[in-house]
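What follows is one structure encoded as structure tokens, with my remarks underneath.
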Amino acid sequence: MKRYINPTWTINSIYSIKGLDLLKHGYRAAIVDLDNTLIAWNQWEHTEEMADWITDLRESGIKVYLLSNNNFNRVAKVADPLDLPFTSGALKPFRKNFKIAVDNLATPNENIVVIGDQVMTDVIGANRFGLDVILVKPIAQNDNIYTWFNRTLEKFALKIVKIDRKGNWGNELE
1 MKRYINPTWT
11 INSIYSIKGL
21 DLLKHGYRAA
31 IVDLDNTLIA
41 WNQWEHTEEM
51 ADWITDLRES
61 GIKVYLLSNN
71 NFNRVAKVAD
81 PLDLPFTSGA
91 LKPFRKNFKI
101 AVDNLATPNE
111 NIVVIGDQVM
121 TDVIGANRFG
131 LDVILVKPIA
141 QNDNIYTWFN
151 RTLEKFALKI
161 VKIDRKGNWG
171 NELE
């Protein structure tokens with residue numbers, strides 16, 4: 001069980017990750033969660049910070065795919081203006097939609113990294129599919145009701161792998 005809940009990396013914010021950092025570690029593509037990873041769960045449009053981050057990755061040659069458990073309209077409203085491929089209603093951590101994302105990226109698994117804010121969805125899903133995963137701290141300090149249960153389980157999972165959610169995870173992939 002421990003191997004499924006342990007992220008490859010932990011970092012304070014997705015916005016600390018630069019395209020060149022990912023390239024340096026051999027990544028050529030990223031499967032990225034939306035809610036509380038790129039924008040707050042209750043924000044309905046992309047931010048300039050998100051757009052700049054996506055641009056940085058693209059200019060570095062990193063392909064980006066959004067994989068979200070949220071509904072189609074929510075994800076499309078953020079992804080479409082940025083011309084981002086996505087799967088909504090992904091039912092993470094199940095493997096099916098990770099496969100769709102990997103197939104869409106047309107990149108070997110060892111060159112793909114998953115980035116998300118939840119152990120129970122993003123980390124477990126990535127590990128089940130054999131992908132490296134970066135766990136980031138959630139953008140918003142609160143969650144919607146659907147995430148509350150996952151966060152409760154996550155507290156126990158993080159204790160098992162000795163990760164302090166409130167500690168400083170740093171701002172670099174090292």
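Per full-length UniProt numbering, the very first residue in the sequence shown carries number 1; after that it's consecutive.
Cβ atoms here follow ideal geometry from the backbone N, Cα and C, with glycine treated the same way.
Quick caveat, the model's predicted, so the values are computed rather than measured.
In terms of CA proximity to ASP56, TYR15 leads the group THR37, TYR15, ILE124.
In the three-state reduction of the DSSP assignment, ASP132 falls in the strand class, which pools E and B. In terms of Cα proximity to VAL113, the closest of ILE100, GLU172, ASN127 is ASN127. Counting along the chain, ALA76 sits inside the alpha helix (DSSP H) bounded by residues 72-79.
In the displayed model, ASP117 falls within coil according to three-state DSSP, outside both helix and strand.
Listed in chain order, the non-local C-beta contacts of TYR27 below 8 Å within the same chain comprise ILE62, ASN111, ILE112, VAL113, ASP132, local neighbours out to five positions each way being set aside.
CA-CA distance, THR152 to ALA106, rounds to 35 Å. For ALA101, the uninterrupted alpha helix (DSSP H) segment begins and ends at 96-105. GLU172 is positioned such that its CB atom lies no closer than 8 Å to that of VAL119.
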